[in-house]
Ligand code: SF4
Ligand code: SF4
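Residue numbers (my numbering): -2 to 406.
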């Protein structure tokens, strides 16, 4: 049996409509065609990269004509656009509210695409907190409503560098399913490159896109993923049903050296062996013909943390983290001292003294594994006043009012 994952790569020089349609359609047909991934009755979410309110030529966001070409291919299968919605939660610099959405949709050109194709645009700010039992470091994930309700997610990332994770493609694009300002909390909780990359792998393994099609026509090199990066013509379209494999191939094209792709390093640490070179098949272009040996990588590459200042990391970050993020607390009446929580805590943040369990909130990364695993339901989660206040000021709904689900998509 062939257990290989597959990534197809096709050349495409410009956003010219005919070239785009041909390249996208050929790239996906190498994997079996859109029909293989799209059921005509499905609720489909198109998940582009709408990181900022930036014009298409800045290369920060998925090009609107690329999105349109994908949607047209999907409509060929579904016969109509009525079950298709375009949704993303932007970078924390843009408020995740109606005003922020309108600004991003009009600046990035998505508004015109929605009008032309008849697809809906997401204007809801609702989200749900889902339980991710299989997650290695992230047991609860806040997810925007359109993604929770989707049958099929078509992930449309951009070919870019990232000054935190070195690369940002299909894996990191799924961070956009976390609602607005909540993302800041994730950054604070997972504040070194390893845990942040692991958290992203948990997200993309939990909410798995059915199909990933990457806009690699105009990419970003250097200090991506935003305006500090430099647009660079790459001239490629990539497709895969496996987001992780797609990003591994993207990083090879970018010539990211051995040991410098943080996702691969985390997978190695987790002893996930399915992402070796021999397990990923590249279709279409030959990898050696399309590698870009002088692609500029971010200056932070190889570092362990974004901020390498001991004082900030030891005193300031934990303070900010605990002021904004939800935290765990214990109901001593329910606790029977089974010590399950202490055994599974990835940061050794749970201690036992004076016949009681205690949390070290300074080292706790708010993964909530202990809360998920406690057999007595003795560990609860509270939201701090400041975090809730900021969320409200930014127009986000109250997190406490959201219900939890116990299964993934
Ligand atoms: S897992 Fe629950 S019951 Fe067991 S020690 Fe921890 S808090 Fe107490
Ligand atoms: S104390 Fe609980 S929430 Fe904090 S790191 Fe440990 S398991 Fe995760």
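In this text, a Cβ means the ideal position worked out from N, Cα and C, and glycines have one as well.
{"Asked": "Is there at least one non-hydrogen atom of ligand 1 closer than 8 Å to the beta-carbon of residue 259?", "Found": "no"}
{"Asked": "For ligand 1, any of its heavy atoms closer than 8 Å to the Cβ of residue 372?", "Found": "yes"}
{"Asked": "Whole angstroms are fine: how far does the CA of residue 254 sit from the CA of residue 262?", "Found": "12 Å"}
{"Asked": "Which of helix, strand or coil does DSSP assign to residue 365?", "Found": "coil"}
{"Asked": "Among 237, 367 and 320, which has the Cα closest to the Cα of residue 382?", "Found": "320"}
{"Asked": "Does the separation of the CB atoms of residue 51 and residue 57 fall below 9 Å?", "Found": "yes"}
{"Asked": "Output the distance between the C-alpha atoms of residue 141 and residue 351, rounded to the nearest integer angstrom.", "Found": "42 Å"}
{"Asked": "When we look at the beta-carbon of residue 132 and count the other beta-carbons within 10 Å, is it buried (16 or more) or exposed?", "Found": "buried"}
{"Asked": "Just checking my contact of residue 292 with residue 218 at CB under 8 Å: how many whole Å lie between their CB atoms?", "Found": "5 Å"}
{"Asked": "Let me check understanding here. Comparing Cα to Cα, which of 155, 201, 178 and 327 lies closest to residue 90?", "Found": "178"}
{"Asked": "Tell me the residue span of the alpha helix (DSSP H) that contains residue 146.", "Found": "142 to 146"}
{"Asked": "Counting along the chain, where does the beta strand (DSSP E) carrying residue 376 start and finish?", "Found": "376 to 379"}
{"Asked": "Is the beta carbon of residue 299 sitting closer than 9 Å to the one on residue 257?", "Found": "yes"}
{"Asked": "Suppose the cutoff is 7 Å on Cβ atoms and the five residues either side in sequence are ignored; what does the same chain contact list for residue 146 look like?", "Found": "40"}
{"Asked": "When the distance is taken between beta carbons, is residue 346 closer than 9 Å to residue 337?", "Found": "no"}
{"Asked": "Does the CB of residue 326 have a neighbour CB from chain C at under 9 Å?", "Found": "Among the chains in the structure shown there is no chain C, since it carries only a single protein chain."}
{"Asked": "My assumption, with CB atoms under 8 Å, is that residue 0 sits in contact with residue 31. Please give the rounded CB distance.", "Found": "Going by Cβ atoms, the distance from residue 0 to residue 31 rounds to 24 Å, so no, they are not a contact pair."}
{"Asked": "Could you spell out the range, first to last residue, of the alpha helix (DSSP H) harbouring residue 183?", "Found": "179 to 186"}
{"Asked": "For the beta strand (DSSP E) that contains residue 281, what are its first and last residues?", "Found": "277 to 281"}
{"Asked": "May I ask you to report which of helix, strand or coil DSSP gives residue 75?", "Found": "helix"}
{"Asked": "Quick one: does the C-beta of residue 319 sit closer than 8 Å to a heavy atom of ligand 2?", "Found": "no"}
{"Asked": "When the distance is taken between beta carbons, is residue 22 closer than 9 Å to residue 280?", "Found": "no"}
{"Asked": "Is the segment 124 to 138 close to the segment 103 to 113, with three or more CB pairs under 8 Å?", "Found": "no"}
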